[in-house]
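Every letter in the sequence shown is one number past the one before it in our numbering, and letter 88, counting from 1, is 165. Ideal placement from N, C-alpha and C gives every residue a C-beta, glycine not left out. Owing to the predicted nature of the structure, the values given are computational and were not obtained by experimental measurement.
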Amino acid sequence: MGRLLAHVQALVRRLEELQAEEGPGRELYHEETVAMCLARWRKLRGDLYDPGRDRYDLSKVPDVHDNVRYDALHNVKALGYPRVKEFYREAKGFADGVVGQEYGMNPAEKAAVGTKICAQLLRKVQEDLRVACQGEQAGDFRHLVDASSAGGSGDLG
78 MGRLLAHVQA LVRRLEELQA EEGPGRELYH EETVAMCLAR WRKLRGDLYD PGRDRYDLSK
138 VPDVHDNVRY DALHNVKALG YPRVKEFYRE AKGFADGVVG QEYGMNPAEK AAVGTKICAQ
198 LLRKVQEDLR VACQGEQAGD FRHLVDASSA GGSGDLG
């Protein structure tokens, strides 16, 4: 994890250099600015490692992986971070080990999570089919915005 954090810290330093050199005007992919990218990576750095407790948060590894992948695909030239491939491989290696555990630690837990997700999806499909077969008014969109109509809790957050 130390190497992964070292890459995050090095990228933050590189972004700080870019911001100092060019100011706030430089745009990255999809109108993201260097300042926005820097804020994104600073947050990841803070979330990944707590120096006060000397602890890493493994749940943030997928976020680091997703972000380095995004920047490697879209911002690699603009950022000028020469070790981006090494950073990506490091993040991918950790993410491959962590992501699989997000949906349960053993087969029974994974099956329970999968069952819950699939049941919600199937209720939504069933409701959509019911609406389509009954020929409800085209303007009736309650089923699209009301999660409770899909068998969910009604909580969209």
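Next item on the list: With a floor of 4 residues, list each alpha helix (DSSP H) that falls wholly inside the segment 150–199, ordered by position along the chain.
Entry: 153–156 and 161–176
Notebook entry, point to check: Assuming L105 and A168 make a contact with CB atoms under 8 angstroms, what is their CB distance in whole Å?
Noted result: That pair is no contact at about 19 angstroms.
Check: Grouping DSSP H, G and I as helix and E and B as strand, with all else coil, what is L81?
Finding: helix
Item checked: Under the three-state DSSP convention, the category D127 falls into -> strand
Note to self: As a quick exercise: from E98, R132 and R90, pick the residue whose alpha carbon is nearest that of R117.
What the structure shows: R90
Notebook entry, point to check: Do you know whose CA, among V145, A172 and G170, lies nearest P159's CA?
Noted result: V145
Checklist line | Assigned exposure category for L125 - 16 Cβ within 10 Å defines buried | finding: buried
Margin query: Here's the rule: buried if 16 or more other CB atoms are within 10 angstroms of the residue's CB, otherwise exposed. What is V111?
Written below: buried
Checklist line | Residue of N183, R207, P139 and A185 minimising C-alpha distance to Y165 | finding: P139
Check: In three-state terms, what does DSSP make of E104?
Finding: strand
Note to self: Contact defined as beta carbons within less than 8 angstroms: I believe L115 pairs with Q96. What is the distance between those atoms, to the nearest angstrom?
What the structure shows: 6 angstroms
Check: By DSSP, does L121 sit in helix, in strand, or in coil?
Finding: helix
Notebook entry, point to check: Relative to the C-alpha of G123, which residue among M113, H107, V141 and E109 is closest?
Noted result: V141
Note to self: If distances are taken between C-alpha atoms only, which option among E109, A149 and E163 comes closest to A83?
What the structure shows: E163
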